[in-house]
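The structure under discussion appears below in the form of structure tokens.
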Amino acid sequence: MEITTELVEHLAELSRIEFTAEETENFKNEFEKTLHQIDMLEKVDTNGIELKLNLLDAETEIKEDIAHQSLSKNDAIKNAPDSFGSSVAVPLMVD
Amino acid sequence: MDYTKLSLLEVSKKIHDREVTSLEVTNQIIERIKATEKLNALNSYNFDEAINVAKQVDEMLDAGKDLPVLAGVPIVVKDNINVLGTKTTCSSKMLENYVSVYDATVIEKLKSQYAVIVGKANMDEFAMGSSNENSAFGPCLNPIDSTRVPGGSSGGSACSVGAYQCYAALGTDTGGSIREPASFCGVVGLKPTYGRVSRYGVVAFANSLDQVGPLTRTVKDNAVMLSAIAGYDEKETTSANVPVPNYLSEIKNSIKGLKIGIAKEFFALGMDIDVEIAIKNAIEFYKQNGAEIVDVSLKNIDLALSAYYIISSAEASSNLGRFDGIRYGYRAQGYKDLVDLYVKTRTEGFGKEVKRRIMLGNFVLSSGYYDAYYKKAKKVQALLQKDFEEAFKQCDVLLSPTSPSVAFKLGEKSNDHIKMYLSDVYTVPVNIVGSPAISFPCGKDSDGMPIGLQLIGKKFDETTLYTLANYFEEHKGGQNE
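See below:
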């Protein structure tokens, strides 16, 4: 399929990543190559194939709904770029 | 005496027999790490803590306490696995200053055996890459030829083991990230069955494909490491509740009657001539020593790489959504509002390959393309699983090269991402079907670079992989031959 600049810009917006005009153009070319590679799946007949949720054939264990000791508040915010007391601080969102 | 060149089992025996202290071994390893620093194998050192643990082990052993085999043995951990109090950067600017606030389950297990963690290994950013050139902290170099890459994404782990900076390392493998660097650095690397090892505390790339596994210089050392880290973990819902054997004692001395499957489609994928010769010699070796060689078919194998890039990128784009500059990690400065903060943080924090995969992932999951790409890839995954199930009805393991080539030169493929992706053509199908696979050295090319052989096993049958790999290593020679 043909990759347009608009599609790349749309994906960048979905990805919350900004590209310069030059990067967008480069990305467009690379993306075409990638899709050319993965488009080979198009021809494969997958009619009647059931989708599997899990790679293991066994059922996944379901945990009992019991609360366990988790990270302390202090530990949980230790890596926050900005914090206030025991909370993560974020930029002002509403005036 | 130089203890750094011993195997894990050898050094462990010397420590336990009190021929040498863990402290002396650890100090030698630290000196070795410093002397080989230019390889850039490690992102951070954990020397103070390592020395503390080594001293503790020595005290306990001197007091006559019986300790597990890994006690006092220096190891390295890939930098996407949380080790309390250490930086876990994933070789990304996004997590450059992130300090782990808990231990991953595999680390809890290693610490319960008193293993000595000496450092965190360099890698491709967020485990995305096949050469370790996608690290925000500079590429790691190949320990045999420093003009070449060590492979990736667990390049630092493989390099560190190959350069005698440790006796074992942990890596992670989503599409070949343990096996390809093991092959390039001439060491042994195992990707366990999906679900064999807990992923709790491991930074997710593609949850349905990721596994943690060991890299070592010998097959037996690898078996010891797997026994230490494997097992069910109630914190990790995809970990399997399947008993863990003692992999070391399960290794058999005979390979008579074992059936090794050769898929002609695998060989049609293309490989360098030296690799082909080494692989054919290995097949001949196994045949002469009593294994049965069986022709099998994996007719959809050429689709695996495409399915892999769709599925793994889809999961990655979702996983990396959490890096928004709010709760942890990098936060950009000079933003206008909240959305601008997200955009600037992600634009500045992620490297090129990571952005490429996020974009691809969002494409295959987006409205209008989901059925054609993501759903199609999941169906192709089911087809491939069927192929492997059929093949395993006729054989115990499948044999292939680990990579189509030996370690390539730095920069050789970094401008052609498709060429780079093709380095994983033999390893990716294994993650797609969830099987275990081992890579071990089976020869060298004309430049003396190691060639890796891959054996793929039935689910939860790592034992047969170890038996066959160990037989080759003991009778034909492994890393140092």
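Going line by line, the protein sequences match chains Y and P.
Per numbering that gives the first Met the number 0, the very first residue in the first sequence carries number 0; after that it's consecutive.
Per numbering that gives the first Met the number 0, the very first residue in the second sequence carries number 0; after that it's consecutive.
All C-beta atoms in this analysis are idealised placements derived from N, C-alpha and C, irrespective of residue type, glycine included.
Could you tell me whether any Cβ in chain Y is nearer than 9 Å to the Cβ of S305/P? Residue-level contact check: S305/P touches chain Y, since one or more beta carbons of chain Y fall below 9 Å from its beta carbon.
Interfacial residues, the stretch 310-342 of chain P to chain Y, with Cβ spacing under 8 Å: Those would be S316, D323, G324, I325, R326, Y327, G328, Y329, R330, Y334, D336, L337, V338, L340, Y341 and V342, in chain order.
Can you tell me the Cα-Cα spacing of L34/Y and A205/P, whole angstroms? Rounded to the nearest angstrom, the two C-alpha atoms are 20 Å apart.
Taking any Cβ of chain Y, which residues in the stretch 341-374 of chain P have a Cβ under 8 Å from it, in chain order? Taking 8 Å as the Cβ-Cβ cut-off, the stretch 341-374 of chain P approaches chain Y at Y341, V342, K343, R345, T346, F349, K354, R355, I357, M358, L359, N361, F362, S365, A371, Y372 and K374, given in chain order.
N26/P to L268/P, Cα distance in whole Å? Those two C-alpha atoms are separated by around 46 Å.
Below 7 Å CB to CB, which residues in the same chain sit around Y193/P once its five sequence neighbours on both sides are set aside? Apart from sequence neighbours up to five positions away, the residues of its chain that approach Y193/P with a beta-carbon distance below 7 Å are Q210 and G433, ordered along the chain.
Can you tell me the Cβ-Cβ gap for P428/P and A303/P, rounded? I've got them flagged as a contact below 8 Å. The C-beta separation of P428/P from A303/P comes to about 4 Å, placing the pair in contact by the 8 Å criterion.
Looking only at DSSP bridge pairs, what is Y44/P linked to? Partner(s): G118/P.
How long is the line joining the alpha carbons of D323/P and E411/P, rounded to whole angstroms? As the crow flies, the alpha-carbon of D323/P is around 33 Å from that of E411/P.
Could you please give the first and the last residue of the uninterrupted alpha helix (DSSP H) stretch that includes D339/P? That run of the alpha helix (DSSP H) goes L337 to G348.
Minimum Cβ-Cβ distance from F30/Y to chain P less than 9 Å: Answer yes: the Cβ-Cβ gap between F30/Y and chain P drops below 9 Å somewhere.
Closer than 9 Å, CB to CB, is E233/P near chain Y or not? Chain Y, which has a Cβ nearer than 9 Å to the Cβ of E233/P, makes this yes.
Give the DSSP bridge partners of F18/Y, in chain order. Answer is none; F18/Y lacks a bridge partner.
Can you tell me which of the three DSSP states K475/P falls into? Looking at K475/P - three-state DSSP - the assignment turns out to be helix.
My assumption, with CB atoms under 8 Å, is that P440/P sits in contact with G185/P. Please give the rounded CB distance. Right, the Cβ-Cβ distance comes to about 5 Å (below 8 Å), so this counts as a contact.
What is the DSSP secondary structure of E25/P, reduced to helix, strand or coil? This sequence places Thr at residue 25/P; Glu is not what is there. Reduced to three states, the DSSP call for T25/P is helix.
For K354/P and K27/Y, the rounded distance between their alpha carbons: Annotation: K27/Y to K354/P spans about 13 Å, alpha carbon to alpha carbon.
What do you get for K32/Y, buried or exposed, if any count of 16 or more other CB atoms within 10 angstroms of its CB means buried? By the neighbour-count criterion, in which a residue is buried when 16 or more other Cβ atoms sit within 10 angstroms of its Cβ, K32/Y is exposed.
Quick check on K32/P: buried or exposed, where buried means 16 or more other Cβ atoms within 10 Å of its Cβ? At residue 32/P the sequence reads Ile, which differs from the Lys that was named. Result: buried.
Using C-beta distances below 6 Å, list every residue in its chain close to F459/P, excluding the 5 sequence neighbours before and after it, in chain order. The beta carbon of F459/P lies closer than 6 Å to those of T192 and V241 in the same chain, with the five residues before and after it left out.
Determine, using beta carbons only, whether I431/P and Y334/P come nearer to each other than 9 Å. 9 Å or more divides the Cβ of I431/P from the Cβ of Y334/P.
Would you please verify whether the beta carbon of N96/P is less than 9 Å from any beta carbon of chain Y? Closer than 9 Å: yes.
So, does the CB of K377/P fall closer than 9 Å to a CB anywhere in chain Y? The beta carbon of K377/P sits closer than 9 Å to some beta carbon of chain Y.
Do the CB positions of V117/P and I28/P come within less than 9 Å of each other? Taking 9 Å as the Cβ cut-off, V117/P and I28/P qualify as a contacting pair.
Is it true that the CB of F125/P sits closer than 9 Å to the CB of N79/P? Cβ distance < 9 Å, so N79/P and F125/P count as in contact.
Inter-stretch contact at 8 Å, needing at least 3 Cβ pairs: the stretch 137-146 of chain P / the stretch 369-381 of chain P: Taking a contact to require three or more Cβ pairs closer than 8 Å, the stretch 137-146 of chain P and the stretch 369-381 of chain P do not qualify as touching.
Hey, is I106/P's beta-carbon within less than 9 Å of any beta-carbon in chain Y? So no, I106/P is outside the interface.
Is there a C-beta anywhere in chain P that falls below 9 Å from the one on A20/Y? With 9 Å as the cut-off, A20/Y does not count as an interface residue toward chain P.
Could you tell me whether the stretch 292-299 of chain P touches the stretch 261-278 of chain P, using the rule of 3 or more Cβ pairs below 8 Å? The stretch 292-299 of chain P, when compared against the stretch 261-278 of chain P, does touch it at the 8 Å Cβ threshold.
State yes or no: is the C-beta of I254/P within less than 9 Å of the C-beta of Y231/P? If you check the CB distance, I254/P and Y231/P do not come in under 9 Å.
Name, going along the chain, the residues of the stretch 396-419 of chain P whose beta-carbon falls closer than 7 Å to a beta-carbon of chain Y. Within the stretch 396-419 of chain P, the residues whose Cβ lies closer than 7 Å to any Cβ of chain Y are, in chain order, H416 and I417.
At the level of alpha carbons, what is the spacing between N414/P and A40/P? Straight across, the Cα-Cα distance linking N414/P with A40/P is about 22 Å.
If we ignore side chains and look at the alpha-carbon of each, how far apart do L83/P and D74/Y end up? Approximately 11 Å between the Cα atoms of the pair.
State the Cα-Cα distance for the pair E9/P and L109/P, rounded to the nearest angstrom. Going by the C-alpha atoms only, they are around 18 Å apart.
Proximal residues to F387/P (C-beta, below 6 Å), its chain only, five neighbours per side dropped: Cβ within range, chain order: V432.
Cβ-based neighbour list, N479/P, same chain, cut-off 7 Å, excluding 5 preceding and 5 following: Low confidence applies to N479/P: its pLDDT is 44, below 50, so where it sits in the model is not reliable enough to give any reading.
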